[in-house]
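Undergrad: Below you will find the structure I want to go over with you.
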Amino acid sequence: MKIIMLGAPGAGKGTQAKMIAEKYGIPHVSTGDIFRANIKNGTALGIEAKKYMDQGLLVPDELTVKILLDRVAQPDCADGYVLDGFPRTIPQAQVLDEALEELGDAIDYAINVEVPDENIVKRMSGRRACVSCGATYHVEHIPPREEGICDKCGKELILRDDDKPETVQNRLQVYHEQTQPLIDFYGAKGVLKTVDGTVDSKEVFAAIEAILG
Ligand code: ADP
Ligand code: ADP
Ligand code: ZN
């Protein structure tokens with residue numbers, strides 16, 4: 001099963017993608033996580049990507065597409081995957097489509113997690129991410145067992161640099177201009193499914209399970 005998560009930054013794509021990955025036994029592939037791992041390790045890719053990420057801009061397609069295609073060519077992706085944060089532009093979606101088509105394959109579901117802009121800034125300022133394993137929490141809605149500490153690995157939780165309100169506004173604008181058109185792109189292919197992302201994360205997941213079966 002090959003699944004794409006669509007939605008604004010902070011809509012809950014990562015939260016849902018992790019639950020999907022666990023239930024259906026497929027890898028969770030997040031381009032944001034891949035970039036952050038590269039930044040942490042000080043790679044050339046990380047240094048380049050950071051310039052854009054810190055401003056709330058998209059990393060150029062040339063860099064992003066290559067990373068993603070390499071990742072989904074790994075053996076653990078052979079039976080499917082859930083993509084979180086990719087594609088984010090029409091050209092990215094077209095490249096993915098062509099790569100799948102060459103394998104006689106296609107995306108099965110594009111799940112659009114719908115959350116209005118008004119809710120997003122609040123969600124992002126409450127998001128906390130683990131410095132080590134990438135797990136995410138929310139100070140009010142999805143708190144860790146112990147404040148500031150990751151449930152999964154015990155490391156420190158931080159507010160991401162790009163989750164500060166000024167940057168979030170930029171990211172929302174970039175989302176509307178460059179990513180939202182993907183809703184129609186996947187709609188036209190007949191694989192688009194929309195869920196209400198404003199309800200509790202468990203309820204969002206129940207709606208997704210009803211779609212995936
Ligand atoms: P969120 O889901 O909160 O928006 P991500 O972790 O998916 O955050 O992405 C963080 C940042 O990484 C983005 O703002 C962007 O700069 C970069 N990024 C991630 N995925 C892509 C992509 N597919 N294309 C371009 N840039 C990306
Ligand atoms: P995305 O990957 O789309 O950027 P995340 O999954 O990281 O979004 O979620 C953004 C923030 O909102 C996180 O702090 C997360 O814990 C929280 N969150 C996720 N789903 C919900 C929900 N249904 N209701 C309230 N908060 C949520
Ligand atoms: Zn952790």
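Mapped onto the UniProt record's numbering, the consecutive letters of the sequence shown carry residue numbers 1 to 213.
Idealized CB from N, CA, C, for every residue including glycine.
Here the structure is a predicted model, which is why all the values come from computation and not from measurement.
Tell me the residue span of the alpha helix (DSSP H) that contains Thr167.
TA: 165-174
Undergrad: Note down, in chain order, each residue of its chain lying with its Cβ closer than 7 Å to the Cβ of Leu192, except the 5 sequence neighbours on either side.
TA: These residues qualify, in order along the chain: Ala110, Asn112, Ile183, Tyr186.
Undergrad: Quick one: is Cys130 buried, meaning 16 or more other Cβ sit within 10 Å of its Cβ, or exposed?
TA: buried
Undergrad: Beta carbon of Val82, beta carbon of Ala135: below 8 Å?
TA: no
Undergrad: What's the gap between the Cα of Thr15 and the Cα of Glu102?
TA: 31 Å
Undergrad: The alpha helix (DSSP H) that contains Arg71, what's its start and end?
TA: It spans 61-72 - the alpha helix (DSSP H) in which Arg71 sits, taken as one unbroken run.
Undergrad: With a cut-off of 6 Å, give the chain-ordered residues whose Cβ is closer than this to any heavy atom of ligand 3.
TA: Cys130, Ser132, Cys133, Ala135, Cys150, Lys152, Cys153, Lys155
Undergrad: Given that a residue counts as buried once 16 or more other Cβ atoms are within 10 Å of its Cβ, and exposed if not, what is Lys2?
TA: buried
Undergrad: At which residues does the alpha helix (DSSP H) containing Asp196 begin and terminate?
TA: Careful: Asp196 lies outside any alpha helix (DSSP H), inside the beta strand (DSSP E) at 192-196.
Undergrad: Helix, strand or coil, according to DSSP, for Arg88 in the structure here?
TA: Of the three classes helix, strand and coil, the one that applies to Arg88 here is coil, per DSSP.
Undergrad: By the DSSP assignment, the beta strand (DSSP E) with Glu114 in it spans what residues?
TA: 109-114
Undergrad: So, for His28: in the same chain, excluding its five sequence neighbours on each side, which residues have a beta-carbon less than 7 Å away from its beta-carbon?
TA: Ala17, Lys18, Ala21, Val82, Asp84
Undergrad: Kindly indicate which residue of Ile208, Ile4, Lys51 has the alpha-carbon position closest to the one of Ile107.
TA: Ile4
Undergrad: Rank Thr31, Ser30, Asp70, Gln94 by C-alpha distance to the C-alpha of Lys189 and give the top, closest one.
TA: Gln94
Undergrad: His176: buried (16+ other C-beta within 10 angstroms of its C-beta) or exposed?
TA: exposed
Undergrad: What residues in its chain sit with their C-beta under 6 Å from that of Met53, if we drop five residues either side in the sequence?
TA: Asp162
Undergrad: Based on the DSSP output, what are the partners of Ala129 in its beta bridges?
TA: Thr136, Ile158
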